[in-house]
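Accompanying notes for the structure given below.
Residue numbers (the working numbering), protein chains in the order written: chain A, 184 to 341; chain B, 184 to 341.
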């Protein structure tokens, strides 16, 4: 069965995010998919996403990790409750904190970058995740992301 | 005396960064200035920089903090050595790590956001900085950034 990306299952009113919203006019359009217990995404950096000659910008890397992990947090919560993303009552997450260790330069070439993330721990409304960025199979950055579940009133669920 | 922004003193070959390079065709153009011992920058988020209805994207916030602190690390090192940014031998910094705590939603309005950063500690090639993001004078996110000084061979100094 072909999987829909996490982000392609968000409601239209929630799909405007710069990092991952399909409705943003000028975003990164990050798309995550399940691969067993891991969430995986691929991203092709564009020339303007540079930090320094031939190297991907650190802020772009932080954005990739942030949005990929928020997608994972949401997908994970829905999977635990055995229901589809976007069903009511709506489950959404916001980023509580983000830590990125830049291990080595991430090359900006015509090669796809890979993000692999996993839920480490869930405690009430908090979900802790770990994420790696890989270029040519080599880990170039590592992140820890905390997602916080938002319980929105029904009136906001649109 | 009118100050030139840190980033406007970088050499042309170093001014292509997505977050702060004046030569990037499609970047954020972050510009930092001294205000006593603090580095201050202002940024007007654009509609596409959203994370969620009316709120600034977390990855954009991480980028602002990253680039603002790298500008500070460079300006600080040059000030310590009593010489101008861009003079030889070139001093450059890369980001070692970045931690952002998102304290509350950062409103995306027509209001300028403010970044205030300070050097906390320098140890050899490492510079630790703290940075706050403020909206309407209220702190909405707080960051810790580690910059690592790169000693490049003279052939790279162009």
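The beta-carbon is built from N, C-alpha and C at its ideal position, and this holds for glycine as well.
> Is any beta-carbon of chain A found at less than 8 angstroms from that of residue 289/B?
Replying inline: Output row for residue 289/B: interface = no.
>> So, for residue 205/B: in the same chain, excluding its five sequence neighbours on each side, which residues have a beta-carbon less than 7 angstroms away from its beta-carbon?
In response: Cβ neighbours of residue 205/B beyond the five flanking positions: 190, 191, 198 and 212.
> According to the Cβ coordinates, are residue 215/B and residue 200/B closer than 8 angstroms?
Replying inline: No, the Cβ-Cβ distance between residue 215/B and residue 200/B is not below 8 angstroms.
>> Check whether chain B comes within 8 angstroms of residue 292/A, counting only Cβ atoms and requiring the distance to be less than that.
In response: Among the CB atoms of chain B, none fall inside 8 angstroms of the CB of residue 292/A.
> How is residue 193/A classed by DSSP in three states: helix, strand or coil?
Replying inline: In the structure shown, residue 193/A falls within a coil segment according to DSSP collapsed to helix, strand and coil.
> Whose C-beta lies closer than 6 angstroms to the C-beta of residue 299/B among residues of the same chain, with five residues either side of it excluded?
Replying inline: Taking residue 299/B as the centre and dropping the five residues before and after it, the same chain places the C-beta of 221, 223 and 315 closer than 6 angstroms to its C-beta, in chain order.
>> Buried or exposed, going by whether 16 or more other CB atoms sit within 10 Å of the CB of residue 208/B?
In response: Exposure of residue 208/B is indicated by the presence of fewer than 16 other C-beta atoms within 10 angstroms of its C-beta.
>> With three or more beta-carbon pairs closer than 8 angstroms as the criterion, would you say the region 315-329 of chain A touches the region 225-239 of chain B?
In response: No: the two stretches stay apart, fewer than three of their Cβ pairs being nearer than 8 angstroms.
> How would you call residue 225/A, buried or exposed, if buried means at least 16 neighbouring beta carbons within 10 angstroms?
Replying inline: Counting Cβ neighbours within 10 Å, residue 225/A comes out exposed, since fewer than 16 surround it.
> In three-state terms, what does DSSP make of residue 310/B?
Replying inline: Here residue 310/B sits in strand by DSSP.
>> Just to make sure I have the definition right: I need the residues of chain A whose C-beta is within less than 8 angstroms of the C-beta of residue 367/B. Which are they?
In response: Residue 367/B cannot be examined here, being either before or after the span of chain B that is shown, 184 to 341.
> In chain order, what residues of the region 219-246 of chain B put their CB closer than 7 angstroms to some CB of chain A?
Replying inline: Taken in chain order, the members of the region 219-246 of chain B whose beta-carbon sits within less than 7 angstroms of a beta-carbon on chain A are 231, 232, 233, 234, 235, 240, 241, 242, 243, 245 and 246.
> Between the Cα of residue 259/A and the Cα atoms of 227/A, 324/A, 305/A and 202/A, which residue gives the shortest distance?
Replying inline: Nearest C-alpha to residue 259/A: 305/A.
>> Short of 6 angstroms in beta carbon distance, which residues of its chain neighbour residue 202/A, apart from the five on each side in sequence? Order them along the chain.
In response: Hits under 6 angstroms: 211, 213, 246 and 250.
>> Taking the alpha carbon of residue 218/A as the reference point, which residue from 185/A, 231/A and 296/A has its own alpha carbon closest?
In response: Closest option to residue 218/A, Cα to Cα, is 185/A.
> Among the residues of its own chain, which have a CB less than 6 angstroms from the CB of residue 297/B, if the five just before and after it don't count?
Replying inline: Excluding positions up to five away in sequence, the list reads 225 and 317.
> Helix, strand or coil: which one does DSSP assign to residue 199/A?
Replying inline: Of the three classes helix, strand and coil, the one that applies to residue 199/A here is coil, per DSSP.
> Can you name the residues of chain B whose CB is closer than 7 angstroms to the CB of residue 208/A?
Replying inline: In chain order: 231.
> Exposed or buried, which one is residue 295/B when buried takes at least 16 other CB atoms within 10 Å?
Replying inline: Exposed, because fewer than 16 other Cβ atoms sit within 10 Å of the Cβ of residue 295/B.
> If we cut at 8 angstroms on Cβ distances, does residue 330/A have a partner in chain B?
Replying inline: No - not a single Cβ of chain B is within 8 angstroms of the one on residue 330/A.
> So, using beta-carbon positions, are residue 283/B and residue 244/B closer together than 8 angstroms?
Replying inline: Cβ distance < 8 angstroms, so residue 283/B and residue 244/B count as in contact.
>> Let me check understanding here. Comparing Cα to Cα, which of 267/A, 195/A, 252/A and 286/A lies closest to residue 313/A?
In response: Per the Cα distances, 252/A.
> Tell me, which residues are paired with residue 272/A by DSSP?
Replying inline: Looking at the DSSP assignment, residue 272/A forms no beta bridge with any residue, so it has no partner.
> With 8 angstroms set as the bound, which would you pick, yes or no: does the beta-carbon of residue 319/B sit closer than that to a beta-carbon of chain A?
Replying inline: Chain A contact via Cβ: absent.
> Helix, strand or coil for residue 213/A per DSSP?
Replying inline: In the structure shown, residue 213/A sits in coil (DSSP, three-state: anything other than H, G, I, E or B).
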